[in-house]
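Here's the structure we're looking at; comments come further down.
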Amino acid sequence: LDHDDTNTNMDTVLGKDTQLLKKDSTLAVSDLPKEGVIGLYFSAHWCPPCRDFTPKLADAYNKIRANGKALEIVFVSSDKEDKAFTDYYAEQPWLALPYDKRDLKNSLSKKYKVQGIPSLVLLDAATGQTITKDGRSAISEDPEGAKFPWKPKTLLEAMGDVLVKPDGTEVKREEALKGKHFGLYFSAHWCPPCKMFTPQLSELYKKVTKTRDDFEIVFVSSDRDEAAFKSYHGDMPWLALPYANRDGKTALSSLFEVEGIPTFVMIGPDGKTINAEARAAVSSDPEGKEFPWAPKPVEDLEAKGGALNESTALVAFCEGVSEERAAEVKAALEGLAKEVIAKAAEKDEDPSMVFCVATDKEGNIGKQVRKLCGLGEVEEGKVHVVILDIPDQGAFYKYEGGDVTAETVREYVTKFEGKSLPRSQLGA
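Residue numbers (the working numbering): -14 to 413.
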């Protein structure tokens, strides 16, 4: 039998019919390397940090390849015009996504949640799976590829074999967490929001562990020294990553893409992530009735607001209707929301869309989004629905389907996916 060595996994990332630029020629996506690492380099000529990083990346690229490592890079341009792209690509030694593939560029930015440039996403060439979204740091710290292919530590590798109690006593991590759901609590004594959240979390922890024995928390400290760590941990009733395990702390922060504290991540007994953004769910459940705080198909907008900048979101504004009507609207969204979540889980990806309902007239995020979308003040008896696509340069799409039902919402989303809805610009 003939062996089919085309790279079908990268087909799903870059599109099977895409022809990449290779200086004066082209290369089919299916002919990309079948092993090693493929980097997606999000950059632009107008960006000073990009122009600083690009020659360093080019130098590392050439050295790593000269050392026999299978590394390829694809430039994904954020330039504002074709000529700027062409001039900038002339300085680069790797492949490039053609400039006219703007839709693909936008979908890649959204898929990998690129918030700023330069950004280097490293993928496993054999599977298309993400190795790290912070390839910039990986290669900057290892410009000759000694740690190639830069695969991050697993959860258990990062945590290490030992945890500590508040009194400093060491316990074996495997025994302490066996069969348990556990939360990773990224926090620090110097952080005011952390000092407000920690007592709430402590009360919740005591209530939950009073009625069940399958819950633990592990404090992951961002304190500036061990003395501050010990002082802060001494006020907590749970375990902690040893302060000396700074590499583990860095690896965990990278693994869960922690960008600010406090952050609370819930992990299941099987080691799989239940909710990487569980802080809001925990804060709104002081009795622990919704343990282990898995994400809901339809979230409250005020709790999910942080996701709006990096995800497409369908938002139903229900501040002016009764609780009963708001519940009906939420139910109309849930069926489709569950389908989106299930589809993403099959591919081990983030959902392509998040679903939110706004019910608080005084909600800060709701007010802000209303203003940006030009929806005006809350109207009694009126439901507004929009699809926000902030990653696509601040786009949004108004719902004009009349009464909000499961059927009309599904039709609305189908039209969005088919690019047949009129596009509006936030803040215009």
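Built from N, CA and C at the ideal position, the CB exists for glycine as well. None of these values were measured; they are calculated from a predicted model.
Going by beta carbon distance, what residues of the same chain come within less than 8 Å of residue i, once the five residues before and after it are set aside?
| i | result |
| --- | --- |
| residue 236 | 137, 138, 142, 143 |
| residue 263 | 168, 249, 250, 251, 278 |
| residue 292 | 262, 298, 339 |
| residue 361 | 355 |
| residue 321 | 340, 391, 394, 395, 398 |
| residue 174 | 180, 208, 213, 214, 216, 217 |
| residue 34 | 102, 103 |
| residue 67 | 84, 85 |
| residue 199 | 164, 165, 166, 254 |
Just reading off the beta strand (DSSP E) that residue i is part of, what are its end residues?
| i | result |
| --- | --- |
| residue 26 | 22 to 28 |
| residue 57 | 56 to 62 |
| residue 157 | 155 to 157 |
| residue 341 | 339 to 343 |
| residue 11 | 10 to 13 |
Please list, in chain order, all residues of the same chain as residue i whose beta carbon is under 6 Å from its beta carbon, the five residues on each side excluded.
| i | result |
| --- | --- |
| residue 52 | 130 |
| residue 72 | none |
| residue 30 | 64, 69, 73 |
| residue 426 | It is not possible to answer for residue 426, since the shown part of the chain is limited to -14 through 413. |
| residue 363 | 304, 305, 346 |
| residue 374 | 297, 380 |
| residue 241 | 250, 261 |
| residue 413 | none |
| residue 155 | 147, 149 |
| residue -7 | Model confidence at residue -7 stands at a pLDDT of 49, short of 50, so the residue's coordinates are unreliable and nothing is read from them. |
| residue 42 | none |
| residue 259 | 251, 253, 277, 279 |
| residue 369 | 302, 360 |
| residue 133 | 54 |
Excluding the 5 residues flanking residue i on each side, which residues of the same chain have their C-beta closer than 7 Å to its C-beta?
| i | result |
| --- | --- |
| residue 326 | 282, 336 |
| residue 356 | none |
| residue 386 | 393, 396, 397 |
| residue 187 | 221, 222 |
| residue -11 | Residue placement at residue -11 cannot be trusted, given a pLDDT of 37 that sits under 50; what the coordinates show is reported in the next sentence. Contacts found: none. |
| residue 401 | 372, 382 |
| residue 201 | 161, 162, 165, 167, 223, 224 |
| residue 367 | 305 |
| residue 378 | none |
| residue 273 | 189, 192, 193 |
Return the bridge partner residues of residue i from the DSSP annotation.
| i | result |
| --- | --- |
| residue 381 | 373, 409 |
| residue 149 | 155, 225 |
| residue 81 | 6, 60 |
Counting along the chain, where does the alpha helix (DSSP H) carrying residue i start and finish?
| i | result |
| --- | --- |
| residue 4 | Residue 4 -> not in any alpha helix (DSSP H); beta strand (DSSP E) instead, spanning 4 to 7. |
| residue 67 | 67 to 74 |
| residue 37 | 33 to 51 |
| residue 401 | 391 to 402 |
| residue -4 | -7 to -1 |
| residue 350 | 349 to 358 |
| residue 140 | 140 to 144 |
Review point. Quick one: complete alpha helix (DSSP H) runs, 4+ long, within the region 168 to 230?
Key: Runs of the alpha helix (DSSP H) spanning 4 or more residues and lying entirely within the region 168 to 230 occur at 177 to 196, 211 to 218, in chain order.
Exercise for review: May I have a chain-ordered list of the beta strand (DSSP E) segments no shorter than 3 residues that lie completely inside the region 94 to 133?
Suggested key: If we require 3 residues or more, the beta strand (DSSP E) runs fully inside the region 94 to 133 come out as 104 to 109, 115 to 117.
Exercise for review: Please go through the region 249 to 321 and give each complete beta strand (DSSP E) segment of 3 or more residues, from N-terminal end onward.
Suggested key: Complete beta strand (DSSP E) runs here, min 3: 258 to 260, 283 to 285, 298 to 302.
Exercise for review: Inspect the CB distances between the region 222 to 235 and the region 255 to 274 and report whether three or more fall short of 8 Å.
Suggested key: Not touching, per the Cβ criterion.
Point to revise | Stretch-stretch touch, CB-based, cutoff 8 Å, three pairs: the region 193 to 207 with the region 92 to 111 | key: Contact between the region 193 to 207 and the region 92 to 111 is absent, because fewer than three Cβ pairs lie under 8 Å.
Review point. Does the region 2 to 18 come within contact of the region 112 to 128, defined as at least 3 CB pairs closer than 8 Å?
Key: Using a Cβ-Cβ distance cut-off of 8 Å, the region 2 to 18 and the region 112 to 128 are not in contact, since fewer than three pairs of beta carbons, one from each stretch, lie closer than that value.
Check your understanding: Just checking, does the region 155 to 172 make contact with the region 37 to 48 on the three C-beta pairs under 8 Å criterion?
Key -> Fewer than three beta-carbon pairs drawn from the region 155 to 172 and the region 37 to 48 are found closer than 8 Å, and the two stretches are therefore not classed as touching.
Check your understanding: Three or more beta-carbon pairs under 8 Å between the region 176 to 187 and the region 298 to 313, yes or no?
Key -> In this structure the region 176 to 187 does not lie against the region 298 to 313, because fewer than three pairs of beta carbons, one per stretch, are closer than 8 Å.
Review point. If we count Cβ pairs, one from each stretch, closer than 8 Å, do we get three or more for the region 144 to 152 versus the region 171 to 182?
Key: At 8 Å Cβ cutoff, the stretches do not touch.
Exercise for review: Spell out a yes or no on whether the region 11 to 19 and the region 85 to 92 are touching, meaning 3 or more CB-CB pairs, one atom from each, closer than 8 Å.
Suggested key: Contact between the region 11 to 19 and the region 85 to 92 is not established, with fewer than three Cβ pairs separated by less than 8 Å.
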